[in-house]
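Chemist: So for the sequence shown, the numbering used here puts the first residue at 176; every next one is plus one.
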Amino acid sequence: MSKNCIDASIEISNEHNIPLMLIASRRQIDSNESGGGYVNNWTTEKFSEYVKICDKNKNIILCRDHGGPWQNDYEKNNKLNFHEAMESAKKSFAVDIKSNFQIIHIDPTIDIHSKISTEQIFERIFDLYEYCNTTSKKLNKKIVFEISLGKEDGGFDKYEEIKQIVSKMESFCRNGDFPLPYFLVVRTGNYVMELKNVGSFESTFLDTNQDSSKINLLKIIEFCNKHQIRIKEHNTDYLSDRALQLHPEIGIHAANIAPEFAVAETR
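Put into structure tokens, the structure is as follows:
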């Protein structure tokens, strides 16, 4: 993410009258209290105001990418303990919501002090989810959630694992009267290394054979659709046009692209 990329996204979305999501990680853009980010020295507050002024047709959707404890340099460099990092993450989320971020990605998979279990990740998601939902109601802001629980290593998530995640989230949301996650991050085989996507999505889905990974992902997409949860794909950089065209055809609802644009700008 850079000011040039932001300006280009706003220009494209307004010229073609299409919605585009700008996804800012906490290292890129964060609240003033959290130390801001490296993109144009913007804080969350200043970034939001800039987009509001420039986006004449209101097509840009502001999104927090990888929000959670130890997801910015301040929390890592100062070696905040668990309680401190969670409180810092909550304050960051509160500024996001106040600054009209509409999609909140909760990603508590990092812990700089110890290895954490899947159950601990769920507990942290539930805590942050409830906090953000309560905060949005207090501020009279409308938000939706994106959640992730796993690694981004180029593999494929398994159908049974996704079923378990959805089941736990449905139970939590039902008991707390919270909205279901709008997006669930699902591994689709993509992995970016240097100037290439070295993952297996493209080879798997451009091949006409019914590979087990292909069958598995299509099954996951069908399952999530039935449960009104959308698939969000990360690491979508450097795929061919045909591979990208396949995304809406097979039912992937949204995809993140980041380093490819940064490389194009700085080379």
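Here a beta-carbon is modelled for each residue, glycine too, at the ideal position from N, C-alpha and C.
1) Per DSSP, what kind of secondary structure is Leu195 in: helix, strand or coil?
2) For Gln173, is the classification buried or exposed, using 16 other Cβ atoms within 10 angstroms of its Cβ as the cut-off for buried?
3) For a test of the three-state rule: what should DSSP assign to Asn386, helix, strand or coil?
4) Rounded C-beta distance between Leu197 and Ile228? I'm assuming under 8 Å.
5) If you draw a straight line from the C-alpha of Tyr413 to the C-alpha of Ile187, how long is it?
6) In terms of alpha-carbon separation, which member of Leu381, Ile322, Gln277 lies closest to Leu355?
7) In chain order, what residues of the same chain lie with their CB nearer than 7 Å to the CB of Glu335, ignoring the 5 residues before and after it?
8) Rounded to a whole number of angstroms, what is the C-alpha to C-alpha distance between Ser177 and Met344?
9) Mind checking which residues open and close the alpha helix (DSSP H) that includes Gly351?
10) How is Ile300 classed by DSSP in three states: helix, strand or coil?
11) Using DSSP with H/G/I as helix, E/B as strand and the rest coil, what is Asn365?
12) My parser needs the alpha helix (DSSP H) runs of 4 or more residues fully inside the stretch 269-324; what are they?
13) Using only CA atoms, which one of Pro244, Ile318, Lys266 lies nearest to Asp455?
14) How about Tyr366 and Asn410: are their beta carbons less than 8 Å apart?
15) Can you tell me whether DSSP reads Arg405 as helix, strand or coil?
16) Looking at C-beta atoms only, is the number of pairs between the stretch 211-227 and the stretch 256-266 that lie closer than 8 Å three or more?
17) Tell me whether the beta-carbon of Leu359 lies closer than 8 Å to the beta-carbon of Ile406.
18) Alpha carbon to alpha carbon, how far is Val341 from Asn253?
19) Which of helix, strand or coil does DSSP assign to Ile427?
20) What residues are listed by DSSP as bridge partners for Asn391?
21) Mapping the DSSP letters down to three states, classify Val360 as helix, strand or coil.
22) Is Thr218 helix, strand or coil by DSSP?
23) In its own chain, which residues sit with a C-beta less than 7 Å from the C-beta of Ile296, not counting the 5 before and 5 after it?
24) I need the straight-line Cα distance from Ile204 to Ser375, nearest angstrom please.
25) Have a look at Lys394 and Ser388 and give me their C-alpha separation to the nearest angstrom.
26) Taking only three categories from DSSP, how would you classify Asn207?
27) Could you name the residues that DSSP lists as bridge partners for Leu237?
Modeler: Looking at the atomic coordinates:
1) Against the sequence shown, residue 195 aligns to sequence position 20. DSSP places Leu195 in strand when its eight states are reduced to three.
2) The structure shown does not extend to residue 173, since the chain is modelled only from 176 to 442, so the question has no answer here.
3) In the sequence shown, residue 386 corresponds to position 211, counting from 1. Inspection of the sequence shows that residue 386 is occupied by Asp rather than by Asn. Coil at Asp386, not helix or strand.
4) Your numbering for residue 197 matches position 22 in the sequence shown. Your numbering for residue 228 matches position 53 in the sequence shown. That pair is no contact at about 14 Å.
5) Position 238 of the sequence shown, counting from 1, holds the residue named residue 413. Position 12 of the sequence shown, counting from 1, holds the residue named residue 187. Between Tyr413 and Ile187, the C-alpha separation is close to 20 Å.
6) Position 180 of the sequence shown, counted from the start, is the residue given in the question as residue 355. Of the candidates Leu381, Ile322, Gln277, the one whose C-alpha sits nearest the C-alpha of Leu355 is Ile322.
7) Residue mapping note: residue 335 aligns to position 160 of the sequence shown, counting from 1. Contacts found: none.
8) As a first step, residue 177 must be located in the sequence shown, where it is residue number 2. As a first step, residue 344 must be located in the sequence shown, where it is residue number 169. Going from the Cα of Ser177 to the Cα of Met344 covers about 34 Å.
9) Within the sequence shown, residue 351 is the residue found at index 176, counting from 1. Gly351 -> alpha helix (DSSP H) spans 334-351.
10) If you number the sequence shown from 1, residue 300 lands on position 125. Ile300: helix per DSSP, three-state reduction.
11) Here residue 365 corresponds to residue number 190 of the sequence shown, with the count starting at 1. Correct three-state label for Asn365: coil.
12) 293-313
13) No answer is possible for residue 455: it lies beyond the span of the chain, which begins at 176 and ends at 442.
14) On the sequence shown, position 191 is the one that residue 366 refers to. On the sequence shown, position 235 is the one that residue 410 refers to. In contact: Tyr366 and Asn410 (Cβ atoms closer than 8 Å).
15) Sequence index remark: in the sequence shown, residue 405 carries index 230 (1-based). It is a strand residue.
16) no
17) Translated into positions along the sequence shown, residue 359 becomes position 184. Translated into positions along the sequence shown, residue 406 becomes position 231. Yes, they are a contact pair.
18) Against the sequence shown, residue 341 aligns to sequence position 166. Against the sequence shown, residue 253 aligns to sequence position 78. Val341 and Asn253: Cα-Cα distance of roughly 35 Å.
19) Residue mapping note: residue 427 aligns to position 252 of the sequence shown, counting from 1. Coil, per DSSP.
20) The residue labelled residue 391 in the question sits at position 216 within the sequence shown. Asn391 pairs with nothing; no bridge assigned.
21) The residue given as residue 360 occupies position 185 in the sequence shown. Here Val360 sits in strand by DSSP.
22) Here residue 218 corresponds to residue number 43 of the sequence shown, with the count starting at 1. Residue state, collapsed to three classes: strand.
23) Looking up residue 296 in the sequence shown gives position 121. Answer for Ile296: Pro283, Thr284, Leu324, listed in chain order.
24) Indexing the sequence shown from 1 puts residue 204 at position 29. Indexing the sequence shown from 1 puts residue 375 at position 200. Taking the straight line joining both Cα atoms gives about 31 Å.
25) The residue you call residue 394 lines up with position 219 of the sequence shown. The residue you call residue 388 lines up with position 213 of the sequence shown. For Lys394 and Ser388, the distance between alpha carbons rounds to 10 Å.
26) Numbered from 1 along the sequence shown, position 32 holds the residue referred to as residue 207. Reduced to three states, the DSSP call for Asn207 is coil.
27) The residue labelled residue 237 in the question sits at position 62 within the sequence shown. Paired residues: Leu197.
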